[in-house]
Amino acid sequence: MEFLRKLISTPGTSGREERVRELILKETKGLWDETTVDPLGNVICRKKPAKSGKKATRKVMIAAHMDEIGFYVRAIDEQGWLRVQKVGGFEPRNLFARRVLVQGRKDLIGVMNPGIRPTHVASEEERKKVLDVKDFFVDAFMPKDEVEKAVRIGDPVTWIQDLAVVGDYWTGKAMDDRIAVWTAISAIRKVARKSACDIYFVGTVQEEVGCRGSGPGAYGLDTDVAIAVDVTLSCDTPGTDKTDSISQLGKGVALKVMDSASISDRGLLDEFIATAQKHKIPHQLEILPMGGTDAGSMQRAGAGRKAFTLSIPCRYVHTPTETVHRKDVEAGIDLLAAWIAG
Ligand SMILES: [Zn+2]
Numbered sequence: 183m184e185f186l187r188k189l190i191s192t193p194g195t196s197g198r199e200e201r202v203r204e205l206i207l208k209e210t211k212g213l214w215d216e217t218t219v220d221p222l223g224n225v226i227c228r229k230k231p232a233k234s235g236k237k238a239t240r241k242v243m244i245a246a247h248m249d250e251i252g253f254y255v256r257a258i259d260e261q262g263w264l265r266v267q268k269v270g271g272f273e274p275r276n277l278f279a280r281r282v283l284v285q286g287r288k289d290l291i292g293v294m295n296p297g298i299r300p301t302h303v304a305s306e307e308e309r310k311k312v313l314d315v316k317d318f319f320v321d322a323f324m325p326k327d328e329v330e331k332a333v334r335i336g337d338p339v340t341w342i343q344d345l346a347v348v349g350d351y352w353t354g355k356a357m358d359d360r361i362a363v364w365t366a367i368s369a370i371r372k373v374a375r376k377s378a379c380d381i382y383f384v385g386t387v388q389e390e391v392g393c394r395g396s397g398p399g400a401y402g403l404d405t406d407v408a409i410a411v412d413v414t415l416s417c418d419t420p421g422t423d424k425t426d427s428i429s430q431l432g433k434g435v436a437l438k439v440m441d442s443a444s445i446s447d448r449g450l451l452d453e454f455i456a457t458a459q460k461h462k463i464p465h466q467l468e469i470l471p472m473g474g475t476d477a478g479s480m481q482r483a484g485a486g487r488k489a490f491t492l493s494i495p496c497r498y499v500h501t502p503t504e505t506v507h508r509k510d511v512e513a514g515i516d517l518l519a520a521w522i523a524g
């Protein structure tokens with residue numbers, strides 16, 4: 183759990199995943215037979231099959247992305263306010279009044295707010311204004327000359343929001359996709375000594391900007407099978423019809439049938455369903471009409487390969503309140519471990 187806590191609080195805007203990568207390598211020391219970092223920055227951790235001497239076993243890539251949605255400093259204006267470029271899918275309505283970490287020459291704490299007048303003094307017209315990400319700025323609480331010494335254009339900025347455990351609910355920023363990194367590694371750790379598969383766990387880069395890391399990663403490894411572990415939407419909250427909820431928190435790990443980037447291989451989907459049934463692991467089937475995971479790019483890299491996504495249901499995706507349920511995460515670990523061991 184301490185590892186998850188660190189994964190959540192560590193910053194890793196798409197393209198700047200170094201700290202997450204270092205954390206994974208440090209916290210999983212001794213688990214792998216080989217580790218490498220490919221040219222794009224994907225961290226590749228290999229666990230060879232436990233039973234040596236047996237005939238060739240399945241070569242499996244298990245990917246979970248290390249990056250999180252975030253920002254890059256786009257400009258420092260005359261007053262020293264930081265203007266930012268968004269990286270990944272942000273909803274401007276979720277950007278109000280956020281505490282942020284500016285990763286400059288050293289880490290700086292700032293706050294993000296839009297350049298509008300407070301509601302106390304705003305006109306009727308101003309209150310109706312629909313805001314865009316470019317209307318927001320970061321206050322780093324320093325005069326312009328000091329800001330310029332500490333911050334450079336292109337420095338990454340991420341939300342600050344640590345993990346909180348509230349009963350069975352775990353909430354924090356970057357649950358997408360650090361909970362999947364944690365799930366995948368926990369599953370591999372569980373069956374490391376009895377796995378018949380040649381496993382490549384890959385912490386991928388730049389998923390949030392269009393799955394740019396996992397495709398080349400899959401091409402380089404050329405595994406038989408690729409499994410993405412990622413979060414999926416759980417719209418089981420007010421404002422959405424039950425049939426549109428995609429997944430429901432606490433009802434088990436979600437097995438993806440399709441999203442807008444991939445259709446899961448039928449054989450793999452059936453294998454995961456059968457494994458879940460055999461071991462009585464709670465699960466739900468998922469169709470996500472819009473959005474995708476690394477499975478989409480891994481499936482199509484090179485000559486292609488069979489791909490599937492194991493999803494952890496998550497409420498409030500792409501907000502600093504991303505929330506998962508302990509039982510779904512445990513089901514994810516159990517199912518992935520059972521599938522690898524099988
Ligand atoms: Zn994700």
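In our numbering, the protein residues as written are 183 to 524.
We treat Cβ as the ideally placed atom computed from N, Cα and C, and that holds for glycine.
query                                                                                                                           : result
Sub-8 Å separation of A410 and T491 beta-carbons                                                                                : yes
Validate contact between the segment 365-379 and the segment 339-352 using beta carbons, cut 8 Å, 3 pairs                       : no
Candidates K438, G385 and A443: closest to G449 by CA position                                                                  : K438
Span separating the alpha-carbon of W521 from that of N276                                                                      : 37 Å
Classification of M294 by the beta-carbon crowding that lies within 10 angstroms, buried from 16 upward                         : buried
For E504, the three-state DSSP class (helix, strand or coil)                                                                    : strand
Exposure label - R299; buried when at least 16 CB within 10 Å                                                                   : exposed
Sequence-distant residues of its chain with Cβ nearer than 8 Å to D314 (five each side left out)                                : P274
heavy atom of ligand 1 below 7 Å from E199 C-beta                                                                               : no
Under 8 Å between C-beta atoms of V269 and V320                                                                                 : no
Unbroken alpha helix (DSSP H) run spanning A400, endpoints                                                                      : S396 to L403
Close Cβ partners of K509 (< 8 Å) along its chain, the five nearest in sequence each way excluded                               : D350, G432, G434 and P464
For G252, three-class secondary structure by DSSP                                                                               : strand
Those residues, in chain order, that have a beta-carbon closer than 5 Å to some heavy atom of ligand 1                          : D358, D359 and D412
Local conformation of R203 per DSSP, three classes                                                                              : helix
Rounded separation between G397 and N224 - CA only                                                                              : 10 Å
Length of the line joining the Cα atoms of K326 and S427                                                                        : 46 Å
Counted within 10 angstroms of its Cβ, other Cβ atoms place L186 as buried (16 or more) or exposed                              : buried
Inter-residue Cα distance where the pair is R360 and P420                                                                       : 26 Å
C-beta contact flag for I363 and M243 at 8 Å                                                                                    : Correcting the residue identity first, residue 363 is Val in this sequence and not Ile. Taking 8 Å as the Cβ cut-off, V363 and M243 do not qualify as a contacting pair.
Continuous beta strand (DSSP E) stretch holding K268: start and end                                                             : L264 to V269
Beta-carbon proximity check, I494 vs G514, cutoff 8 Å                                                                           : yes
8 Å contact criterion, which D337 and V413 should meet: CB distance rounded                                                     : About 27 Å separates the two Cβ atoms, so there is no contact after all.
Host alpha helix (DSSP H) of I190 (start-end)                                                                                   : E184 to S191
Span of the beta strand (DSSP E), counted from its first residue to its last, around K438                                       : V435 to M440
Beta-carbon proximity of S429 to E468, cut-off 8 Å                                                                              : yes
Contacts around R287, its chain only, beta-carbon distance under 6 Å, and the 5 residues preceding and following it disregarded : A332
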